[in-house]
Amino acid sequence: MAVLHFKDAFWGSEFTSNAGYEALTQRLCDGRRACKDMEELLKMRAMAEERYGKELITIARKPGGQTEIGTLRISFDQLKAPRFWWAFEINNVIHITEIENVGNLHIQLSGMLKEEVKRMEQFRERQKEQRKKFEGIMEKVQKTKVSLYKKTMESKRTYEQRCREADEAEQAADKINSTTTPKQAEKVQNKAKQCREAAGDSEKQYMSNIDQLDKIRQEWESTHESTCEVVFQQQEGDRINILRNAIWVHCNHFSMQCVKDDECYEEVRTVLEGCDLTADINSFIEMKRTGSTPPAAVVFENFYNRELSGESNGTARFGGGVMKRFSNLLQGNCSGVSKNTNDGSQPIAPSSGDNSDGVYASIPGFANSVPNKTDHQGEQYQALYDYNAQGVDELSILMGDVLVVLEQGEDGWWTVQKNEQSGLVPGSYLTKI
Numbered sequence: 079m080a081v082l083h084f085k086d087a088f089w090g091s092e093f094t095s096n097a098g099y100e101a102l103t104q105r106l107c108d109g110r111r112a113c114k115d116m117e118e119l120l121k122m123r124a125m126a127e128e129r130y131g132k133e134l135i136t137i138a139r140k141p142g143g144q145t146e147i148g149t150l151r152i153s154f155d156q157l158k159a160p161r162f163w164w165a166f167e168i169n170n171v172i173h174i175t176e177i178e179n180v181g182n183l184h185i186q187l188s189g190m191l192k193e194e195v196k197r198m199e200q201f202r203e204r205q206k207e208q209r210k211k212f213e214g215i216m217e218k219v220q221k222t223k224v225s226l227y228k229k230t231m232e233s234k235r236t237y238e239q240r241c242r243e244a245d246e247a248e249q250a251a252d253k254i255n256s257t258t259t260p261k262q263a264e265k266v267q268n269k270a271k272q273c274r275e276a277a278g279d280s281e282k283q284y285m286s287n288i289d290q291l292d293k294i295r296q297e298w299e300s301t302h303e304s305t306c307e308v309v310f311q312q313q314e315g316d317r318i319n320i321l322r323n324a325i326w327v328h329c330n331h332f333s334m335q336c337v338k339d340d341e342c343y344e345e346v347r348t349v350l351e352g353c354d355l356t357a358d359i360n361s362f363i364e365m366k367r368t369g370s371t372p373p374a375a376v377v378f379e380n381f382y383n384r385e386l387s388g389e390s391n392g393t394a395r396f397g398g399g400v401m402k403r404f405s406n407l408l409q410g411n412c413s414g415v416s417k418n419t420n421d422g423s424q425p426i427a428p429s430s431g432d433n434s435d436g437v438y439a440s441i442p443g444f445a446n447s448v449p450n451k452t453d454h455q456g457e458q459y460q461a462l463y464d465y466n467a468q469g470v471d472e473l474s475i476l477m478g479d480v481l482v483v484l485e486q487g488e489d490g491w492w493t494v495q496k497n498e499q500s501g502l503v504p505g506s507y508l509t510k511i
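For the sequence shown, our numbering assigns the number 79 to the initial residue and increments by one for each residue that follows.
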């Protein structure tokens, strides 16, 4: 069976996400609680064995039936302690003094259980101290990463604000006419220059914070990987192995103490033979995994370059052309959609689909999925809804129109042909015939 690793399965999609680390620490806490439960079980069983052994010794030393002889004496002894004679029968003669030996064996077993409890407590405390050290390191690095991320995002907002102010000041300077006095013109020019310098300083600060954040990100990833592999996974494996062995030894003790109960403990050992450290760890990872790759790095986003980057952890922004169609779709086409929904006979028109890179917002009530972006040029589709063209490059359609798809755009807008006319329509308004 392939061995899975903590370091490859507990990353988060968000840059500041700590879900993987929290899942691991929760698992270790649950494991520590399981160790305490096992310790409590052994303590209670040790107390029961000790009480039982002492009671057997008391029974063995209690006088009675000593005046009898022969077979009646044997019957009397059997009446006193019938459970233990099968283990100490010699030549068909039962010896009452063997009850005390059995009592001593139970007391010895109680002592062994107490020693096992001490070893488990020491193991648990060692793991706690080791884990505490590395958890402190992880929490410190995580805290630094989150703090620097917030600082970087703040510098990004400042940079964008300074750029807008500089643009506005330069536009104001460009609008200076002949009626403006030289002093006023100079004042406007100086303001534009100062704004542009402030924008440049903000840009440098933003880029510097990005560099610092990338360094702390690399440090956090390295610390996360080493902590997962060297500490967390090793501790989880050791804990499973210790508990597995403790249960195994626990069963062996009681099997030796009471042979007739051996079949019961054999069933437990049969199950324990199937206990696999790798299988347990793999099962946990499969159920609780939070991600197989670390979050993408935060990259510098130029204020004047509005193209959306899929690898950026910064704020996504809309392009100008797509933003225009987005506004037209949500605002200009509302009237065309509402008139078809007043009679309650048709569903609400959907957005351009979830596959448009997050540009179009979802419209509640739409249950149809967006068609795949595979190449289906030349195939016939039928309009599900009315759509009124909002631009010269778009085409108005009515519900039920049969259209020929010429091209399926990546932004969710398809080029279609109807009655020798062609134009753009939302792809999510169409269904294949």
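Note that CB positions come from ideal geometry on N, CA and C, so glycine has one too.
Contact check between the region 283-297 and the region 366-376: three or more CB pairs, one atom from each, fall below 8 Å, which counts as touching. Under DSSP, the beta-bridge partners assigned to F88 are G369. Scanning the region 92-144 from its first residue to its last, the whole alpha helix (DSSP H) runs of 4-plus residues come out as 97-139. Within the same chain, and ignoring the five residues on either side of H331 in sequence, the residues whose Cβ sits closer than 8 Å to its Cβ are L187, M190, L191. Scanning its chain for C-beta atoms nearer than 6 Å, with the 5 sequence neighbours on each side dropped, one finds around L462 the residues Y507, T509, in chain order. Of the residues assessed, A357 falls on the exposed side of the cut-off, its CB having fewer than 16 other CB atoms within 10 angstroms.
Residues of the same chain with a CB within less than 7 Å of the CB of F93, apart from the 5 flanking positions on each side, are Y227, P373, V376, N391 in chain order. Three or more beta-carbon pairs separated by less than 8 Å link the region 99-119 to the region 307-327, which places the two stretches in contact. Ranked by Cα distance from R322, the options E194, R204, I137 are led by E194.
When rounded, the separation of the alpha-carbon atoms in D316 and K121 is 22 Å. Judged by DSSP secondary structure, T493 falls within the beta strand (DSSP E) whose first and last residues are 491-496. Buried is the label assigned to D479, since at least 16 other Cβ atoms lie within 10 Å of its Cβ. In this structure, the alpha-carbon of A244 lies about 22 Å from that of K229. Three or more beta-carbon pairs separated by less than 8 Å are not found between the region 465-473 and the region 482-489, which leaves the two stretches without contact. In the DSSP assignment, Q290 falls within the unbroken alpha helix (DSSP H) covering 260-304. Per DSSP, reduced to three states, the secondary structure at V470 is coil, with no helix or strand assignment. When DSSP states are grouped into helix, strand and coil, V377 belongs to the coil group. Beta bridge pairing from DSSP links A461 with L508.
For L321, the enclosing alpha helix (DSSP H) has its first and last residue at 311-335.
In this structure, E127 sits near H184, with a CB-CB distance shorter than 8 Å.
V224 and F88 have their C-alpha atoms spaced approximately 18 Å apart. At a cut-off of 3 residues, not a single continuous stretch assigned as beta strand (DSSP E) sits fully inside the region 179-265. For the options R123, A124, G181, the alpha carbon positioned closest to that of L134 is the one of G181. From the listed residues A112, I475, I511, H83, the smallest Cα separation to Q499 is found for I475. R110 places its beta carbon less than 8 Å from that of K206. Contact check for A270 and E248: beta-carbon distance about 5 Å, within the 8 Å limit, so the pair qualifies. Boundaries for L476: no beta strand (DSSP E) harbours it, and the DSSP string shows neither H nor E there. According to DSSP, residue pairing for V482 in a beta bridge involves Q458, Q495. Around the CB of N497, fewer than 16 other CB atoms lie within 10 Å, so the residue is classed as exposed.
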